[in-house]
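These notes concern the structure reproduced below.
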Amino acid sequence: MSRLHYLHDPLCGWCWAASPLVQAARELLPVQAHAGGLFMDGARRTMGAEWRAHVLPHDLRIAQLSGQPFGDAYRDDLLNDPTAWVDSEPPIAAVLAADRLAGCGLDLLPRIQQAHYVEGRRIADPAVLRELAETLGLDGEAFARELAACLGDATRAHVHDGRALLGRLGGRGFPTLALARGDDWQVIDVGRYLGRVDDWREWLRTQC
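Here's what the structure looks like:
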């Protein structure tokens with residue numbers, strides 16, 4: 001059976017652009033997520049004016065190509081807040097925790113992205129991640145325990161494996177999508193399908 005591998009980071013704007021493609025793919029075949037950890041350890045940073053100036057041109061381009069929304073609370077509030085962290089580890093750990101609890105990590109990931117890019121919420125905050133998990137019907141206490149267990153070594157091991165896969169595939173960054181049919185792996189040009197979900201769905205049907 002074909003399987004789509006999705007290499008991503010929750011704080012990657014182009015992954016937000018590709019989110020509708022990933023969700024459409026899940027209607028047709030199994031999808032496995034691999035996180036890349038763009039902003040972890042020494043790459044963590046705070047938001048504020050400098051960061052806002054850096055990301056806004058990219059966000060505009062992403063919105064134009066994909067149609068994905070960016071909310072005022074994100075642009076005007078969150079990006080201007082120098083106390084808010086750009087930290088990939090907590091949201092990656094949250095996706096792992098949701099998978100461990102209910103196999104729904106790929107349901108939680110787009111909810112986390114929406115919370116960040118549309119609602120302007122702090123997705124590095126475990127309390128926010130718990131609230132988002134609860135909107136999917138997960139038990140808040142159980143999720144909080146699993147999230148705590150996933151932070152640290154488990155997340156780092158997952159990211160290490162994701163980066164290794166990216167290297168083996170010759171991927172150029174995130175998102176990278178690869179269709180696996182047994183031992184045959186095909187890296188897909190994601191950019192050609194941004195904002196073209198119906199075309200993407202039709203192409204995938206020919207590959208499954």
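All letters in the sequence shown, in the order written, are residues 1 to 208 by the UniProt record's numbering. Heads up, the beta-carbon is just placed ideally off N, CA and C, and yes, glycines get one too. Keep in mind that this is a model prediction, so the values were computed, not measured.
Please report the residue range of the alpha helix (DSSP H) in which residue i lies.
i: Q68; result: That residue, Q68, is in no alpha helix (DSSP H); it is neither H nor E in DSSP.
i: C208; result: From DSSP, C208 is part of no alpha helix (DSSP H); its letter is neither H nor E.
i: R121; result: From DSSP, R121 is part of no alpha helix (DSSP H); its letter is neither H nor E.
i: C150; result: 140–150
i: R156; result: 153–169
Can you give the beta carbon distance from residue i to residue j, rounded, assuming they're within the 8 Å contact cut?
i: L165; j: L4; result: The pair is not a contact, with the Cβ atoms about 13 Å apart (cut-off 8 Å).
i: M47; j: D81; result: 5 Å
i: L79; j: W51; result: 6 Å
i: S2; j: L179; result: 6 Å
i: V197; j: P175; result: Rounded, the Cβ-Cβ distance is 15 Å, inconsistent with contact.
i: A33; j: L106; result: 6 Å
i: T135; j: E89; result: Going by Cβ atoms, the distance from T135 to E89 rounds to 21 Å, so no, they are not a contact pair.
i: A53; j: W85; result: With 8 Å as the limit, A53 and W85 do not qualify as a contact, their Cβ atoms being about 18 Å apart.
I'd like the span of the beta strand (DSSP E) that includes residue i, first residue to last.
i: I112; result: Here I112 belongs to no beta strand (DSSP E); instead the alpha helix (DSSP H) covers 105–117.
i: V187; result: 184–188
i: R181; result: 176–181
i: R3; result: 3–8
Taking only the alpha-carbon atoms, compute the straight-line gap between residue i and residue j and give it to the nearest angstrom.
i: A144; j: D184; result: 38 Å
i: A94; j: D72; result: 25 Å
i: P69; j: D199; result: 20 Å
i: D87; j: E27; result: 30 Å
i: V118; j: R163; result: 28 Å
i: P126; j: G173; result: 27 Å
i: A102; j: L151; result: 18 Å
i: L109; j: V22; result: 11 Å
i: R201; j: Q186; result: 16 Å
i: P91; j: L194; result: 23 Å
i: H160; j: D153; result: 10 Å
i: R44; j: A142; result: 27 Å
i: C12; j: L38; result: 8 Å
i: L138; j: A148; result: 15 Å
i: W16; j: A97; result: 20 Å
i: A63; j: R181; result: 32 Å
i: H58; j: R100; result: 33 Å
i: I112; j: A133; result: 9 Å
i: R168; j: I188; result: 14 Å
i: G171; j: A25; result: 19 Å
* Please specify which runs of the alpha helix (DSSP H), each continuous and at least 4 residues long, are wholly inside the segment 26–94, giving them in chain order. => 49–66
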